[in-house]
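Take the sequence shown: its position 590, counted from the start at 1, is 1112 in our numbering, and no numbers get skipped.
For every residue, glycine included, the Cβ atom is placed at its ideal position computed from N, Cα and C.
Some notes on the structure that comes next.
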Amino acid sequence: MEQVKARFRASLESALPGQEINLERPKSADMGDFAFPCFRAAKALGRNPAQLAQELAFSLAHQEGTEFAAVGPYLNLKLHPEVRARLLLEALLGATPYGSAPVHGETVLVEYSSPNIAKLFTIGHLRSTMIGHTLAQVNRFLGCQVRRLNHLGDWGTQFGTLLAAYKRWAETENPKLDQDFDWADESPERRRTQLFRLFQLYVRFHSEEEAQPEMRDEARSWFKRLESGDAEARRLWTWFREVSLAEFQRIYDRLGVGFDAMDGEAFYEDKMATAVQRLRDSNLLEEGDGGAFIVRLEDVGIQTPSLMLKADGTTIYATRDLAAALYRQATYAFDRCIYVVGSDQVLHFQQLFAVLGKLDPWFQVQGRMLHTPFGMVKLPEGKMSTRKGNVVFLEDVLDEAVTRVLAIIEEKNPELPEKAAVAEMLGMGAVVFFDALNDRVKPITFTWDRIIALDGDTGPYVQYAHARILSVLRKAGGTWVQMARPTQALSHALAAVPYRKESLPASLAGLEDPAAQALLFELAGLPDAIRTVQRENMATALARQLLSIARAFSAFYTNCPILWAENSPEVREARLALCVATARALRQGLFLMGIQAPEEM
């Protein structure tokens, strides 16, 4: 298809020299495979767009198996049904993953998830984790050298708060809490309990400090002790971190997410002084009101200065992010660095990128530093707040989704093999797909029925389409199921689902039907959807395209009997080949989003 698109573009460039050629996808296969909107070219040439489209349709040289049609102000290129079928099946049944690009030299860093230690994952953590995972997978799929970074929140004044809370209450009300954890006991419930206790201490401190403001000085004092290397502060902080990492890893394993580096803010502790000194050497750091040190940014249009050091000499997250960016520049010499962080940090990243640009023009290259903001998950009563304790824990959501799916399986298909594993796939698929389908920038209001919906435009609907195809292929017998299965076990270490190259049927009779052509048209849209994920840094386009493919397969399944006894062998083979191609496309798309594709439901 890309070759056809390239030839169409070349023909237009020859017919319209000097004009910008942007091709679009029509709304349906009936209209064509590629469309050229004539508005801009017609305006530049002083022509009527519809008339220009008609003239181009008449004058362009036709390639075998294609035709041009003017539809109002659009020039559409339409493939003949057999040509469309052959081109797409060749691509989908080949060994090269459909829509992928060869490895090239661009290095992309993706920083995502980045939870704070000593806290349980909330539903809000899902957004950064899974958006970032999809961006990492898609960029690797499209040939980039990707480094997946988890910038853990393991340093800062909040740990002064937790240390103060721990020393105030845990040692008297629950002595030796930090030694109550048995590292030989790998029970997830035990780790979760420990983190929940720390979460309660954090919430309690913030609740009581409103009436006792002096407690804030206590928290600041403990953080200063932590930064100064105080033995007791370091001992407790180390325990907070280790128990958190053990629990985080369990959740990441469940989500199928992995990282190349999990260097938290503390990793840059010994690098912050160098970063601050670079600011001083560049005459960028100056003392502001109250004795704090800042970098002024009015000259680049940012009125709020960037705070780098507090008056007491302690650092803040801006200092650590500055040190991290400079370290990554020296270590990776990256082409793009994508920060998947909530929209409440927009100003912070504007300031950070501006400070980096003042230090080194290398950071000013367009697209080098990218903040990918996302809307926060809110409760019906308002914003979630860890400080106030009004949060929804992620694992509770995942468990509830799996429980609901398992109940449906028990009712509708109690003999299904490995019911628990299938319920896990579908429950996870429901939660992750819901997040991907929503526009990244918009906030989400949490309700149980919305987050873990199993009907309608959902992950389970797409997963069911894949399972239905595999059921058809099992009934067909032979090697059809093996053709639709990857050649190796899938893991987050991969970006592309590997398949064997398969030969096309000699005849593609049976795919001329409009339902088959509509399915082929939606399959043709998958590579564009994947590239849109890379361009827009959100998974929505991919989620929507997978839904379109699943719907189109349902119509194909209904209108084009696949295993009908009266089918000729040629029709049966062609339709089964399209089933295999569709299963591969669905599995690849779901995999890029971190969702598994069950073979039975």
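- Burial state of R713 is buried, judged by a 10 Å Cβ sphere holding 16 or more other Cβ atoms.
- Rounded to whole angstroms, Q680 and H728 show a C-alpha spacing of 10 Å.
- By the Cβ rule, the stretch 889-899 counts as touching the stretch 848-868, because three or more pairs are nearer than 8 Å.
- Within the same chain, A686 come within 6 Å of E740 by CB-CB distance, once the 5 residues on both sides are set aside.
- Sequence-distant Cβ neighbours of S766 in its own chain, meaning closer than 7 Å and more than five residues away, are I639, A640, L717.
- Bounds of the alpha helix (DSSP H) holding R562 are 561-567.
- By DSSP's assignment, G675 forms a beta bridge with N638.
- Secondary structure of N661 (DSSP, three-state): helix.
- The shortest C-alpha to C-alpha distance from L1016 to any of M784, F558, Q667 is the one to Q667.
- Taking C-alpha positions only, G999 is separated from I1084 by approximately 13 Å.
- Counted as a single uninterrupted DSSP element, the stretch harbouring L848 is not any beta strand (DSSP E) but the alpha helix (DSSP H) occupying residues 839-854.
- The three-state reading of DSSP puts Y1021 in coil, since its state is none of H, G, I, E or B.
- The beta carbon of W677 sits closer than 6 Å to those of E787, A788, all from its chain and outside the five residues before and after it, given in chain order.
- Residue environment: N672 is assigned as buried (16 or more neighbouring CB atoms within 10 Å of its CB, all protein chains considered).
- Of L869, G813, E917, L1041, the smallest CA-CA separation from A551 is found for L1041.
- The three-state secondary structure of M830, taken from DSSP, is strand.
- By the Cβ test, the stretch 870-885 is in contact with the stretch 830-850, since at least three Cβ pairs between them sit closer than 8 Å.
- Spanning the alpha carbons of M898 and N960 requires a straight line of approximately 12 Å.
- Secondary structure remark: continuous beta strand (DSSP E) runs of at least 3 residues inside the stretch 884-946, in chain order: 891-893, 899-901.
- Here Q667 carries a strand assignment [DSSP, helix/strand/coil].
- With respect to A1119, Q985 sits close: the two C-beta atoms are nearer than 9 Å.
- R802 counts as exposed, since fewer than 16 other C-beta atoms from the protein chains shown sit within 10 angstroms of its C-beta.
- Under the DSSP assignment, T760 falls in the alpha helix (DSSP H) whose first and last residues are 753-777.
- Between the alpha carbons of P827 and Y839 lies a gap of roughly 14 Å.
- Residue environment analysis places S635 among the buried positions, since at least 16 neighbouring C-beta atoms fall within 10 angstroms of its C-beta.
- The same chain holds no residue with a CB closer than 7 Å to that of S1025 once the five nearest residues on each side in sequence are set aside.
- Per DSSP, the unbroken beta strand (DSSP E) holding R858 starts and ends at 858-861.
- Rounded to the nearest angstrom, the gap between the Cα atoms of R726 and A958 is 34 Å.
- Its Cα nearest to that of V1102, the residue T1001 stands out among L976, T1001, E1088.
- Residue nearest to D834 within the set L819, G812, E711 is G812 (criterion: CA-CA distance).
- Unbroken alpha helix (DSSP H) stretches of 4 residues or longer found wholly inside the stretch 1050-1087: 1062-1081, given in chain order.
- When C-alpha distances from R670 are compared across M784, R1073, L806, the shortest belongs to M784.
- Going by beta carbons, R606 and A1046 fall inside the 9 Å limit.
- For L614, the enclosing alpha helix (DSSP H) stretches over residues 603-614.
- Per DSSP, reduced to three states, the secondary structure at A1031 is coil, with no helix or strand assignment.
- For T1009, no pairing in a beta bridge is given by DSSP.
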